[in-house]
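Under the numbering used here, the residue at position 198 of the sequence shown is numbered 492, and the numbers go up by one with no gaps.
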Amino acid sequence: MRPVIIAANWKMNTTPADAGELAATIAARTEEPEVVRVICPPYVCLAAVRDALAGTNVAVGAQNVHHEAAGAYTGEISAAALAGLATWVILGHSERRRDALESDELIGKKLARAVSSGLRPILCVGEMLAEREAGRAVEVVAAQLHGALAGKDIETLLSAGFVIAYEPVWAIGTGRTASAADAAAMAEAIRATLSADLRWGAAAEQVPVLYGGSVTSANIGEFLAEHSIDGGLVGGASLKPDEMAGMVARAAITARARAEATGKSA
Ligand code: 13P
């Protein structure tokens with residue numbers, strides 16, 4: 295049974311002065327033991343968020359990590375520097391692909407570094423609007439998966455708790471979401487790519503696939519109603535405690551239904 299995950303990507307919002315309070319408020323308003331919760335604040339807010347979340351089971355994630363262990367990389371942050379601050383990391387977000395020109399190959403190196411450093415990775419993939427309109431969405435996402443995952447050890451990734459987030463670029467911050475049916479079809483295409491092209495076989499079924507792109511408490515239910523979708527990677531709405539409370543409450547319904555279905559079939 296795959297976990298149900300709500301991951302908050304705070305992007306370049308909050309400061310060390312206010313991030314801890316926001317994290318504590320969200321933790322208190324989203325206490326649903328069945329749901330895996332993760333908050334990913336900016337690097338400089340990690341310590342405040344970690345402290346605020348101590349004693350809760352909300353995990354802390356970083357939004358990026360450098361692929362090298364250490365060295366002359368001005369302005370960058372190593373996996374070792376995240377030890378004790380974060381246990382998850384978002385990799386290959388489309389805003390980094392766009393602004394920092396991250397390639398699939400580089401993202402693959404970051405993934406290897408994250409996993410060898412004990413960080414749980416969320417690999418982001420997703421097509422641009424023109425690519426979807428040209429009927430190329432699955433092809434584009436499959437190429438991103440190949441670029442980042444080719445040659446990686448499946449068992450190592452699975453034991454690191456590897457997660458994929460499907461975030462269509464045109465749905466991020468636009469208020470426009472993919473349809474639940476399209477998102478579910480992509481989640482299935484992602485697992486088919488892992489299973490067949492990348493030779494993961496049945497192990498592909500173990501990988502949680504999240505949907506991201508204008509997720510709110512009002513629309514998350516449509517995505518969670520799809521068996522192939524295991525939660526959300528949430529930007530704007532994750533900064534609002536009411537929204538987080540609504541999303542996690544809805545996720546708990548799916549998590550309980552899955553647990554019940556597993557129990558019945560066992
Ligand atoms: P929004 O929820 O603001 O559209 O952002 C989605 C996202 O990019 C999460 O990583």
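C-beta atoms are modelled at their ideal positions from N, C-alpha and C, and glycine is treated no differently.
Going straight from the alpha carbon of Ile-484 to that of Ser-372, what length do you get? Ile-484 and Ser-372 have their alpha carbons spaced roughly 29 angstroms apart.
Going by beta-carbon coordinates alone, are Cys-334 and Ala-301 separated by less than 8 angstroms? In this structure, Cys-334 places its C-beta atom within 8 angstroms of the C-beta atom of Ala-301.
Inter-residue spacing [alpha-carbon to alpha-carbon] between Arg-344 and Trp-382: Arg-344 and Trp-382: Cα-Cα distance of roughly 12 angstroms.
With a threshold of 6 angstroms on Cβ separation, who are the neighbours of Ser-511 within its own chain once the five nearest residues in sequence on each side are excluded? Glu-537, Gly-540, Met-541, listed in sequence order.
Using alpha carbons as the reference points, say which of Glu-362, Ile-416, Val-354 lies closest to Phe-456. Measuring from the Cα of Phe-456, the nearest candidate turns out to be Ile-416.
Where the beta strand (DSSP E) containing Arg-344 begins and where it ends: No beta strand (DSSP E) contains Arg-344, which is instead part of the alpha helix (DSSP H) from 340-347.
Taking Leu-488 as the reference, give the member of Ala-477, Asp-476, Pro-502, Ala-475 with the closest Cα. Selection Ala-477, Asp-476, Pro-502, Ala-475 evaluated against Leu-488 yields Pro-502 as nearest (Cα-Cα).
Buried or exposed, going by whether 16 or more other CB atoms sit within 10 Å of the CB of Ala-364? Exposed is the call here.
Measuring only the C-alpha atoms, how far is Leu-400 from Ala-406? Going from the Cα of Leu-400 to the Cα of Ala-406 covers about 10 angstroms.
How is Gly-506 classed by DSSP in three states: helix, strand or coil? Looking at Gly-506 - three-state DSSP - the assignment turns out to be strand.
Who pairs with Pro-415 in a beta bridge, going by DSSP? Partner(s): Val-383.
Is Gly-530 near ligand 1 - that is, is its Cβ less than 7 angstroms away from at least one heavy atom of it? Yes, the Cβ of Gly-530 comes within 7 angstroms of a heavy atom of ligand 1.
Relative to the C-alpha of Glu-389, which residue among Gly-495, Val-463, Val-338 is closest? Sorting Gly-495, Val-463, Val-338 by C-alpha distance to the C-alpha of Glu-389 places Val-463 at the top.
Please identify the residue among Trp-494, Gly-506, Gly-495, Ala-341 whose C-alpha is closest to the C-alpha of Met-480. Checked all of Trp-494, Gly-506, Gly-495, Ala-341; the closest Cα to Met-480 is Gly-506.
Excluding five sequence neighbours on each side, which residues of the same chain lie with their C-beta closer than 7 angstroms to the C-beta of Ala-465? The residues are Thr-471, Ala-472, Gly-507, Ser-508.
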